[in-house]
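Note sheet for the following structure.
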Amino acid sequence: MNATDDWYDVSQLTEGSYDIDECTKYGMHLVEGTDRSVLIDTGVGVGDLRGLVTELVDTPVTVVLTHTHWDHIGAASQFEEVLVSPIERPPDGRIAVDSISDEFTHRPGEFARQWTAEGNAFPDGVDPDEYAIEPFEASPVPTAGGLSLGDRSLEVHHLPGHSPGHLGVLDPKTRVFYGGDIVHVDRGLYVLFEGCSLDDYLESLATLRDLRDDGVFDVLVTSHNEPLAGAELSVLDELLEGLREIADGERDYEVVETTWGRAHSYHIGTSEVLTKTTVRG
Numbered sequence: 001m002n003a004t005d006d007w008y009d010v011s012q013l014t015e016g017s018y019d020i021d022e023c024t025k026y027g028m029h030l031v032e033g034t035d036r037s038v039l040i041d042t043g044v045g046v047g048d049l050r051g052l053v054t055e056l057v058d059t060p061v062t063v064v065l066t067h068t069h070w071d072h073i074g075a076a077s078q079f080e081e082v083l084v085s086p087i088e089r090p091p092d093g094r095i096a097v098d099s100i101s102d103e104f105t106h107r108p109g110e111f112a113r114q115w116t117a118e119g120n121a122f123p124d125g126v127d128p129d130e131y132a133i134e135p136f137e138a139s140p141v142p143t144a145g146g147l148s149l150g151d152r153s154l155e156v157h158h159l160p161g162h163s164p165g166h167l168g169v170l171d172p173k174t175r176v177f178y179g180g181d182i183v184h185v186d187r188g189l190y191v192l193f194e195g196c197s198l199d200d201y202l203e204s205l206a207t208l209r210d211l212r213d214d215g216v217f218d219v220l221v222t223s224h225n226e227p228l229a230g231a232e233l234s235v236l237d238e239l240l241e242g243l244r245e246i247a248d249g250e251r252d253y254e255v256v257e258t259t260w261g262r263a264h265s266y267h268i269g270t271s272e273v274l275t276k277t278t279v280r281g
């Protein structure tokens, strides 16, 4: 047991795959293979994630980042092999909290202050005033051939929109699709950041919808929601249709203040879509 085991909530998704949650809302996913395992995203980086992962699997671990926003890269520096989309990898391969945009530089400190202000504690030995996300080296994720784990291979899909190089990871063996932030908190869409693209998001949602319709996956696992399966996957149709209407100026919006500044808020069923203010409703 490492000193921060109780910082994480771990549950089994399928045989050989795990959901790891940090602070109840920052999700990571571990897929175990006979030769190596893949950890999809690394949360906010407060705990000893590597120590936890090595208790769950006994193979070498490769990290695949769905994208490089702060709440996905937090513990990446704890691992030796980290893969990321070439689009979000700087020329020197060094990823930091401000690599994709400086609009995320305040988020780690803001998170720590809010977490403690709400009466929550950091793990023993972790000083919230010293908490920071460390830079790390990353390599480009393979664009063809997938990732071989021995008894299974994972497919990497390019799904930009929420970020320029956003990735999804498919496990054909279990028919689970790991979608990162393709669907965000409360089944919403965040298209308000500097690197977001509404047009790219439309294409990515259509790609994901088509994969579902082709029977490629049965379960969609994202970073900030419970897994979606069965009839719940119809949310992809609702979001795609609603986002098209937003792009065509057919949806009303409210102007709201967010952690990242002013945004337009749209509602598609029970889902909220946040866009840049340059999007006209």
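Start counting the sequence shown at 1; every next residue gets the next number (full-length UniProt numbering).
Don't be surprised by glycine CBs; every beta carbon is placed ideally from N, CA and C.
Let's see if you can read the secondary structure: which residues bound the alpha helix (DSSP H) around residue i?
{"i": "TYR201", "result": "198-213"}
{"i": "PHE111", "result": "107-117"}
{"i": "THR222", "result": "Taken as a continuous stretch (DSSP letters only), THR222 belongs to no alpha helix (DSSP H), as it is neither H nor E."}
{"i": "ARG50", "result": "49-56"}
{"i": "HIS264", "result": "Per DSSP, HIS264 belongs to no alpha helix (DSSP H); it is in the beta strand (DSSP E), 261-268."}
{"i": "ILE40", "result": "That residue, ILE40, is in no alpha helix (DSSP H); its beta strand (DSSP E) goes 37-40."}
{"i": "ILE73", "result": "70-73"}
Give a yes or no on whether the C-beta atoms belonging to residue i and residue j are separated by under 8 Å.
{"i": "TYR18", "j": "GLY43", "result": "no"}
{"i": "TRP70", "j": "ARG107", "result": "yes"}
{"i": "VAL183", "j": "THR222", "result": "yes"}
{"i": "GLY161", "j": "SER197", "result": "yes"}
{"i": "LEU154", "j": "VAL53", "result": "no"}
{"i": "SER271", "j": "ARG209", "result": "no"}
{"i": "SER99", "j": "THR68", "result": "yes"}
{"i": "HIS157", "j": "GLY180", "result": "no"}
{"i": "ARG251", "j": "GLY261", "result": "no"}
{"i": "LEU211", "j": "THR258", "result": "no"}
{"i": "VAL82", "j": "GLU130", "result": "no"}
{"i": "SER85", "j": "VAL126", "result": "no"}
{"i": "THR174", "j": "THR14", "result": "yes"}
{"i": "SER265", "j": "TYR253", "result": "yes"}
{"i": "GLU232", "j": "SER101", "result": "no"}
Starting from residue i, follow the beta strand (DSSP E) in both directions and report where the run begins and ends.
{"i": "ASP61", "result": "Inspection of the sequence shows that residue 61 is occupied by Val rather than by Asp. VAL61 -> beta strand (DSSP E) spans 61-64."}
{"i": "LEU30", "result": "26-31"}
{"i": "GLY242", "result": "GLY242 -> not in any beta strand (DSSP E); alpha helix (DSSP H) instead, spanning 235-247."}
{"i": "LEU192", "result": "Note, LEU192: premise wrong, no beta strand (DSSP E); not H, not E."}
{"i": "GLU80", "result": "Premise fails: GLU80 is in no beta strand (DSSP E) and is neither H nor E."}
{"i": "TYR8", "result": "8-14"}
{"i": "ASP19", "result": "17-22"}
{"i": "SER101", "result": "First-last for SER101: undefined, no H or E at that position."}
{"i": "VAL279", "result": "From DSSP, VAL279 is part of no beta strand (DSSP E); its letter is neither H nor E."}
Assuming residue i contacts residue j under a Cβ cut-off of 8 Å, what Cβ separation, rounded to an integer in Å, is found between them?
{"i": "PRO135", "j": "VAL46", "result": "No, PRO135 and VAL46 are not in contact; Cβ-Cβ is about 17 Å, not under 8 Å."}
{"i": "TYR178", "j": "HIS29", "result": "5 Å"}
{"i": "VAL256", "j": "VAL169", "result": "Their Cβ separation, rounded to whole angstroms, is 32 Å, which puts VAL256 and VAL169 out of contact at 8 Å."}
{"i": "VAL279", "j": "PHE217", "result": "Their Cβ separation, rounded to whole angstroms, is 29 Å, which puts VAL279 and PHE217 out of contact at 8 Å."}
{"i": "LEU240", "j": "LEU228", "result": "Not really, about 14 Å apart at Cβ, beyond 8 Å."}
{"i": "THR66", "j": "ASP41", "result": "6 Å"}
{"i": "GLU88", "j": "PRO164", "result": "6 Å"}
{"i": "ILE20", "j": "VAL10", "result": "5 Å"}
{"i": "THR275", "j": "ILE246", "result": "7 Å"}
{"i": "ILE133", "j": "VAL97", "result": "5 Å"}
{"i": "GLU226", "j": "ILE268", "result": "Not confirmed; about 19 Å, so no contact."}
Report whether the distance from the Cβ of residue i to the nearest heavy atom of the ligand MN is below 7 Å.
{"i": "GLY215", "result": "What this structure holds is no ligand at all, so the ligand MN is not there to describe."}
Legend entry - Three-pair Cβ contact test at 8 Å for the region 147-164 versus the region 53-67: yes
Inset, instruction - Could you tell me whether the region 195-207 touches the region 72-79, using the rule of 3 or more Cβ pairs below 8 Å? - result: no
Legend entry - Residue ranges of each beta strand (DSSP E) within the region 119-179, 3 or longer: 153-158, 167-171, 176-178
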